[in-house]
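Quick note: the sequence shown uses the working numbering, first residue 185, plus one each step.
Glycine included, C-beta positions come from ideal geometry on N, C-alpha and C.
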Amino acid sequence: MAQQVREVMTTDPVAVSPQTPLVEVARRMRDENIGDVLVIEEDHLRGVVTDRDLVVRALAEGADISSKPVREVCSAETITVSPDDDVDRAIQLMRDRAIRRLPVVEEEDRPVGVISLGDLAVERDPRSALGDISAADPNR
């Protein structure tokens, strides 16, 4: 049942530049109904920012999210997978690192997608609670 990440990942990930103000990042997350955004500079992955990062590293610290750039709160050391990796490798990384999403990058850290716990649940067991929730239409 081993599949490649490319068969399960979400393509065309939402990305912003390192200078993007946090308020714009939060709006993109809201508008796209996603929990993370890739931080990209010159077509290379420079970091990932999650909804939790926004809360813990910015809002809880009293940051001015209208001017604070995303580069100051994103996770710069990212764990990634390749489109050619087995899905089992992505699952193991998520389990070992307690993360729910992984950027998918090609050579030179060029992002091509994101694979999420929800993507894996829908693919592996669509009748599971997580698979069912992940496949549902977003609340707007």
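Rounded to the nearest angstrom, what separates Ile242 and Asp248 at their Cα positions? Start at 1 with the first residue of the sequence shown, and residue 242 comes out as number 58. Start at 1 with the first residue of the sequence shown, and residue 248 comes out as number 64. First, the residue type needs correcting, since residue 242 is Ala and not Ile in the sequence shown. Their backbone Cα atoms lie some 8 Å apart in a straight line.
Since Asp269 and Val192 are thought to touch, with beta carbons under 8 Å apart, how far apart are those beta carbons, to the nearest angstrom? One-based indexing of the sequence shown puts residue 269 at position 85. One-based indexing of the sequence shown puts residue 192 at position 8. Not really, about 11 Å apart at Cβ, beyond 8 Å.
Would you check if the distance between the CB atom of Ala210 and the CB atom of Arg230 is smaller than 8 Å? Counting from 1 along the sequence shown, the entry for residue 210 is found at position 26. Counting from 1 along the sequence shown, the entry for residue 230 is found at position 46. Result no, Cβ atoms of Ala210 and Arg230 do not sit closer than 8 Å.
Since Arg190 is in the alpha helix (DSSP H), which residue starts that stretch and which ends it? Along the sequence shown, read from residue 1 onward, the residue named residue 190 stands at position 6. From DSSP, Arg190 is part of no alpha helix (DSSP H); its letter is neither H nor E.
Taking the beta strand (DSSP E) that Leu222 belongs to, which residues open and close that run? Taking the sequence shown and counting its residues from 1, the one referred to as residue 222 is at position 38. Leu222 -> beta strand (DSSP E) spans 220-225.
Whose CA, out of Glu290, Arg284, Val200, lies closest to the CA of Arg236? Indexing the sequence shown from 1 puts residue 236 at position 52. The shortest Cα separation from Arg236 among Glu290, Arg284, Val200 belongs to Arg284.
Going by beta-carbon coordinates alone, are Val298 and Thr194 separated by less than 8 Å? The residue given as residue 298 occupies position 114 in the sequence shown. The residue given as residue 194 occupies position 10 in the sequence shown. Contact flag set, yes.
Pick from Met278, Leu238, Pro267, Leu277: whose alpha carbon is nearest that of Pro253? In the sequence shown, the residue the question calls residue 253 occupies position 69. Pro253 has its Cα closest to that of Leu238, out of Met278, Leu238, Pro267, Leu277.
Going by the beta-carbon positions, is the gap between Cys258 and Val296 smaller than 8 Å? Looking up residue 258 in the sequence shown gives position 74. Looking up residue 296 in the sequence shown gives position 112. For Cys258 and Val296, no; Cβs fall outside 8 Å.
Looking only at DSSP bridge pairs, what is Glu290 linked to? Residue numbering aside, residue 290 sits at position 106 when the sequence shown is read from its first letter. According to DSSP, Glu290 bridges with Arg294.
Taking Glu307 as the reference, which of Met278, Val200, Val271 has the closest Cα? Counting from one through the sequence shown, the residue named residue 307 turns up at place 123. Closest option to Glu307, Cα to Cα, is Val271.
Inter-residue Cα distance where the pair is Asp220 and Arg281: Locating residue 220 in the sequence shown gives position 36, where the first residue counts as 1. Locating residue 281 in the sequence shown gives position 97, where the first residue counts as 1. C-alpha separation (whole angstroms): 16 Å.
Given Leu196 as reference, the closest of Leu222, Pro202, Glu245, Arg214 once Cα atoms are compared: Translated into the one-based positions of the sequence shown, residue 196 becomes position 12. For the record, residue 196 in the displayed sequence is Asp; it is not Leu. Of the listed residues, the one whose Cα sits closest to Asp196 is Leu222.
Segment limits, alpha helix (DSSP H) that includes Val257: Counting from 1 along the sequence shown, the entry for residue 257 is found at position 73. First-last for Val257: undefined, no H or E at that position.
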